[in-house]
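Residue numbers (UniProt numbering): 1 to 217.
Beta carbons are placed, not taken as given, at the ideal position from N, Cα and C, and that holds for glycine.
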């Protein structure tokens with residue numbers, strides 16, 4: 001019995017070690033909100049909300065949760081064939097969890113908690129917004145910058161993307177990156193705000209991966 005218990009303990013420890021050693025996505029460079037330069041676009045593309053995806057993943061010492069959130073609307077502007085602006089609205093009420101079966105009580109409980117004032121306070125802040133402020137090439141990567149508004153805070157974030165155009169459509173896809181939720185006043189279980197959480201904290205980092213498909217307006 002002791003041998004079996006020891007084996008289970010070792011396997012559990014190794015599992016936690018592997019999870020904790022998962023390659024962490026790089027945090028988006030985050031600074032104060034920046035002014036948006038007004039550029040008359042040569043072409044305007046309208047986002048296809050149904051074909052666009054926003055994936056998220058959150059972490060805590062005992063594991064993680066992951067899911068999706070939907071784009072409500074958006075436009076992507078180009079000038080001389082290059083992205084010159086864009087504004088996107090995210091439907092915060094569309095948060096979905098994918099790691100807990102949809103018919104389980106825990107799924108509704110988690111999603112309800114994420115929508116509550118503890119996290120994103122969806123009733124008060126039904127949408128989030130991302131407005132492009134710039135795009136440039138850095139060390140062989142295309143870096144997109146924009147003002148992200150969540151709840152009552154706006155910060156400018158920069159993260160790597162790829163851009164592809166085909167006929168009258170354009171696709172903007174990000175690499176997986178993280179944002180620090182504490183910078184948008186999402187406080188629940190955050191060690192950035194509370195120092196007595198022990199191992200009951202929830203990581204500040206939220207992983208995001210975004211793909212926006214848009215068609216010429």
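- DSSP places residue 26 outside both helix and strand once states are collapsed to three, so it counts as coil.
- Per the C-alpha coordinates, the member of 207, 184, 35, 173 positioned closest to residue 214 is 173.
- Taking the C-beta atoms as reference points, residue 133 is found nearer than 8 Å to residue 146.
- Distance from the CA of residue 169 to the CA of residue 199, rounded to the nearest whole angstrom, comes to 47 Å.
- Distance from the CA atom of residue 45 to the CA atom of residue 75, rounded to whole angstroms, is 6 Å.
- Contact annotation: residue 151 and residue 203 have beta-carbon atoms that are not nearer than 8 Å.
- Exposed is the label assigned to residue 217, since fewer than 16 other Cβ atoms lie within 10 Å of its Cβ.
- The stretch 107 to 153 is shown to contain whole beta strand (DSSP E) runs of 3 or more residues at 127 to 138, 141 to 150, in chain order.
- Beta-bridge pairing by DSSP links residue 207 to 57, 178.
- Shown here for residue 34: same chain residues with a beta carbon closer than 7 Å to its own, the five before and five after excluded, namely 133, 147, 156 in chain order.
- For the options 180, 154, 196, 188, the alpha carbon positioned closest to that of residue 36 is the one of 154.
- Counting only the Cα atoms, residue 99 lies some 11 Å from residue 110.
- Only residues of its own chain outside the window of five on either side were considered, and among them 70, 72 have a CB closer than 6 Å to the CB of residue 91, listed in chain order.
- Beta-carbon to beta-carbon, residue 39 and residue 79 are separated by about 6 Å, close enough to satisfy the 8 Å threshold.
- Per DSSP, the unbroken beta strand (DSSP E) holding residue 82 starts and ends at 82 to 97.
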